[in-house]
Amino acid sequence: MLLSKLISKTQKEVPAEADTISHRLMIRTGMIRQLSAGVYSYLPLAHRCLKKIENIIRDEMDKAGGQEVTMPVLQPRELWDKSGRGEAFGKILFDVTDRKERRLVLGPTHEEVITDLISFFVKSYRDLPVMPYQIQTKFRDEPRPRGGLIRVREFTMKDLYSFDTDEEGLNRSYDKMRQAYQNIYRRAGLPVIMIEADSGAIGGKDSSEFMAIVECGEDVIIHCEKCGYAANAEKAKSIKTKQPYQVALPVEEVATPGKKSIEEVAAYLNTPSSQTLKAVFYVADGELVFVAIRGDIEVNEVKLKNALKATDLRLALTDEVKNAGIVAGSASPIGLKEVKVIADESVTMGSNFIAGANKPDYHLKNVNYPRDFTATMITDIALAQAGESCIKCDAELKSIRGIEVGHIFKLGTFLAEKMGAFYTDTEGKSHPIVMGCYGIGAGRLLASIIEASHDEKGIIWPLSVAPYEVYLCPLFLEDDRVAKASQDLYKKLCDAGIEVLYDDRNESPGFKFNDADLLGLPLRITISPRTLERDSVELKWRSEKKTEIVPLEEIVDKVKNIVLPAKNSP
RNA sequence: CGGGGUGUAGCGCAGUCGGCUAGCGCGCAGCGUUUGGGACGCUGAGGCCGGAGGUUCGAGUCCUCUCACCCCGACCA
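Each residue of the first sequence is one higher than the last, beginning at 797 in the numbering used here.
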C-alpha cells in the first residue's frame, strides 16, 4: 500500500475529549473517526487490524468445534418478552418500530435468536452438542459511551453459544472455550487474567471474565498475589477485618447533635468507623429496602441486587426515605417494622456498635446483633476492598484496574425452558438443552492491545494484528537510486507475501520516522543514499532501539523468515 | 438520570464591556530553497461563529429555548 494513497492522515493534535491512550493514538493515526456518541467509522488501518483479530478468533472458534452462522440484527421485541430478558436489559435495548407499528430491537446479543433457531434444528440428544457462533455488529444503548473504542454503542462482537445435554457437557464446552480464549489473547499479544465475575443481565451461574490489565480499565479486580484468587470487585468475596470481642453492654442513648454521616459520628464519639453500623436505603423493584452494614464497609450493589433477586435497584430518594418514617442520618434497624431489612454479615462481626437512634441528633451505643435488632436477611453484600484477607489463603488482597475483553457464561437451562428448546433423550424423555454463551468484542480487544502496547512515540503493534507488517521508508526519494531501489524492494516484498506500507511521500526523514513510530508497524526498512553506498538497507524493530544493516540481496529473505512463520503458525 | 464543561475553517485554539473585510497555529494547494528524528520563505483556498427565536440601527458577542459532544457519578454482557 502506498502511504500517499491511504485514506488516513496522521495528526499531531487530538481533540480535547480524547483522554485514553488508545483513543488518542487511534485518532492520531487516523484509524477511527467518530460519527456520534459511541459510534465510529473504521478506516483502513483499523479495519485491517479488526479483520486480523476476527480471523484469529474465527480460527480458534473453528478449532474448538464452533460453526459460524449469521443471525439477524433486527429482532422482534416478542422474542425478548418471551425470554423475560427485555426487562433486565431495559434501556440498553435499541428500540425500532416498523411501518406496521411492530416493535423490533437491534440485537445487543443473540441468546434469544440462537435458542429459537436451535430449538428448530435440534430435537434429539444425537444432535448435541453444538456450538454455533457469529462475528457481527451488536447494538447497545449504553448510558455513557467512553474511552474511544472501550465502550461504544455499536460494535463487532464474536458470540458463541454452546448447547449440551447436561451439566457435564456444559462443563466440557466451557473448558474448551476457556482454552480457546486463552489462545486468542496469546496470539493477539495481549496479556490477560481470568477472574470470577457476576453474570449480570445475561443471567446464569458461573461466569468468568478475561481482563486486560491497563490503566484506563473500568473494572476493579480484587486479587490475591499469594494463591492467585482473582474476581471482579462486584463479585469478589473477602474476609472482613476482625473486630475485638467485647462483652455485650447495655444499650445507651448518646446525643450526637448535627452528626449524620458515619465519619462525623465516629469522629464525634472518637471511635473507629468499624465500630459503627451504617444504614443505606435502596428501592428494589419499587419496594424500599433498608440495608445495614458495618460502618467501614461499602455496599456492593450487584451482590445486593442478586440477594434480593431484584431486576431494578437504585438508591432511594430523600422523600421515599422520609415517607417511610426513617430519620436519615440517625437511622438504624432497631425497632424498625414493616420495612425489609437486609444486613451484611459484617453486622454479626463485632459487638457494642454505634447505631442510629431513629430520632434526630441521637445515636445508640452498645448495639448488638441479634439482641437488639434482627434482619429479614443476613448475607454477604459487602464490597471487597484491598487490604482485606483472601477467602482462600488469608493473605492480603490487592486491587487493580482492568478492561473486560471477554466474558464467558454457564447459562444452564433457564433460557431453553423459556424459549422452548428441548431435546429427547435415549429413553424418549424431553429435557431442556443446557446452554453456555461466550462473548468477545473485537474493537475493545483492539483498543486494549494499544493500551497494553505503546510508548511515548506511538503504537507498538504485535506482528499478528498489525495493519501492515513492514514500514518501507525511503529517504531522499528524489534520488533516482533510492526511488528505484525502494520501488524494487516494495514489489519483491509484496510478491513474497509481506504486507508493506510504502512511504512514498516526499517528506523529511524526521517526519517519516516519527510517522513510522506513531503507526507502530513491527518492522521498519529504511533505504537512503547512505545505505545504498553499501548496497544495503537498514532494518529496525519498532519495539527495539537498535538498527541493523542488511544487504539488499538478503533483505527479502530475512523479512520473510521473520514474518511468514509468525503469520502462518498460531 | 444527577453534577460539571465545551460547541468559531479538516484539527487545536483566540476573539464575548455589542461595532468595521472574524483571527492565530497545524493541516491543505502552488512555487522555490531544504531535509538521517515532526525544516523554511512567499502566494493561496477554506467559516450559515451548533440550531431556532428574541432584544437592537447593528449579534460570534446580550436574553430565552433547543440540539450535539465530553468529563465525574449513577448505570453497564
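Just so it is clear, CB atoms sit at the ideal spot from N, CA and C, and this is done for glycine as well. Small disclaimer: the values here were computed from a predicted structure and weren't measured.
Is ILE989 near GLU856, with beta carbons less than 8 Å apart?
No, Cβ-Cβ distance for ILE989 and GLU856 is not below 8 Å.
Considering only residues of the same chain and omitting the five flanking positions on each side of LEU1241, which have a CB-CB separation below 6 Å?
Excluding sequence neighbours, LEU1241 sits near ILE849, VAL1201.
Hey, quick one: how far does the alpha helix (DSSP H) through GLU1223 stretch, first residue to last?
Note, GLU1223: premise wrong, no alpha helix (DSSP H); not H, not E.
Report all residues from its chain with a CB closer than 6 Å to the CB of PRO941; omit the five preceding and five following residues, and keep chain order.
Cβ neighbours of PRO941 beyond the five flanking positions: ALA833, GLY834, ARG947, VAL948, ARG949.
Could you compute how far the alpha carbon of GLU1021 sits from the alpha carbon of LEU1193?
Those two C-alpha atoms are separated by around 7 Å.
For THR1327, collect the residues of the same chain with a Cβ closer than 8 Å to its Cβ; drop the 5 residues on either side in sequence, then sort them by chain order.
Once the five neighbours on either side are set aside, the close Cβ partners of THR1327 are VAL1333, GLU1334, ILE1345.
Spatial neighbours of ALA1080 within its chain, please: CB distance less than 6 Å, with the 5 preceding and 5 following residues excluded, ordered by chain position.
These residues qualify, in order along the chain: LEU1104, ALA1106, LEU1109.
May I ask you to report which of helix, strand or coil DSSP gives TYR1041?
Note: TYR1041 maps to coil in three-state DSSP.
Return yes when the Cβ of VAL1135 is within less than 8 Å of the Cβ of ALA1151, no when it is not.
No, they are not a contact pair.
How long is the line joining the alpha carbons of LEU924 and ILE910, rounded to whole angstroms?
Their backbone Cα atoms lie some 14 Å apart in a straight line.
Just how far apart, CA to CA, sit PRO1129 and ARG899?
Taking the straight line from one Cα to the other gives about 45 Å.
In whole angstroms, what separates the C-alpha of PRO1361 from that of LEU1259?
Each residue's Cα considered, the two are about 11 Å apart.
Shortest alpha-carbon distance to VAL869 belongs to which of ASP858, ASN1119, PHE951?
Of ASP858, ASN1119, PHE951, the residue nearest in Cα terms is PHE951.
Is DSSP giving PRO928 helix, strand or coil here?
PRO928 falls in the strand class under three-state DSSP.
Pairs of beta-carbons, one from the segment 1245-1265 and one from the segment 952-964, closer than 8 Å: are there three or more?
No, because fewer than three Cβ pairs between the segment 1245-1265 and the segment 952-964 fall closer than 8 Å, the two stretches do not touch.
When DSSP labels each residue in this structure, what does HIS1227 get in the three-state scheme?
Note: HIS1227 maps to strand in three-state DSSP.
Which residue comes first and which comes last in the alpha helix (DSSP H) that contains PHE885?
Element bounds for PHE885: 881-885.
Considering only C-alpha positions, which residue in the set MET953, ARG854, GLU963, ARG881 is nearest to PRO1228?
Nearest option by C-alpha distance: GLU963.
Measure the CB-CB distance between TYR921 and THR1222 and report whether it falls below 8 Å.
Yes, Cβ-Cβ distance for TYR921 and THR1222 is below 8 Å.
Quick one: what's got a C-beta closer than 7 Å to VAL1016's C-beta in the same chain, skipping five residues either side?
Within the same chain, VAL1016 has close Cβ partners ALA1029, SER1195, ARG1197.
DSSP has MET1173 in a bridge; who is on the other side?
Looking at the DSSP assignment, MET1173 forms a beta bridge with ILE1138.
Look at the alpha carbon of LYS1099 and the alpha carbon of LEU821, and state the distance between them as a whole number of angstroms.
About 37 Å.
Which residue wins for smallest C-alpha separation from SER1004, given the options GLY1024, ARG974, CYS1012, CYS1023?
Considering only alpha carbons, the answer is ARG974.
Please state if the CB of ILE1187 and the CB of SER1034 are separated by a distance shorter than 8 Å.
Going by C-beta atoms, SER1034 is nearer than 8 Å to ILE1187.
Please classify TYR1041 as buried or exposed, where buried requires at least 16 other C-beta atoms within 10 Å of its C-beta.
When all chains shown are included, TYR1041 counts as exposed.
Roughly how many whole angstroms lie between the Cα atoms of PRO1166 and VAL901?
Their backbone Cα atoms lie some 49 Å apart in a straight line.
Report back the beta-carbon spacing between ILE1204 and TYR970 to the nearest angstrom; my notes put them in contact at under 8 Å.
So it is a contact: roughly 7 Å between Cβ atoms.
Touching or not, the segment 858-867 and the segment 891-898, by the rule of three or more beta carbon pairs under 8 Å?
Touching, no.
Excluding five sequence neighbours on each side, which residues of the same chain lie with their C-beta closer than 7 Å to the C-beta of LYS847?
Counting only Cβ-Cβ distances below 7 Å, and skipping sequence neighbours, we find nothing.
Nearest to ILE1294 by alpha carbon, out of ASN1302, ARG1301, LEU1285, ASP1300?
Of the listed residues, the one whose Cα sits closest to ILE1294 is LEU1285.
Nearest CA to the CA of THR1170: which residue from ASP1190, LYS1133, ASN1148?
The candidate whose alpha carbon is nearest that of THR1170 is LYS1133.
Quick check on DSSP: helix, strand or coil for GLY1239?
Three-state DSSP puts GLY1239 in a helix.
Can you find at least 3 beta carbon pairs, one from the segment 1060-1075 and one from the segment 1205-1221, that sit closer than 8 Å?
As far as the Cβ criterion goes, the segment 1060-1075 does not touch the segment 1205-1221, which means the pair count is below three.
Whose CA, out of PHE890, ILE1246, ALA1008, ASP1331, lies closest to the CA of SER818?
Comparing Cα-Cα distances from SER818 to each of PHE890, ILE1246, ALA1008, ASP1331, the minimum goes to ILE1246.
For the candidate residues GLY1131, HIS1250, VAL1123, VAL1095, whose alpha-carbon lies nearest to that of ALA1139?
Comparing Cα positions, the closest option is VAL1095.
Roughly how many angstroms lie between the CA atoms of ALA984 and LYS1363, to the nearest whole one?
Approximately 11 Å between the Cα atoms of the pair.
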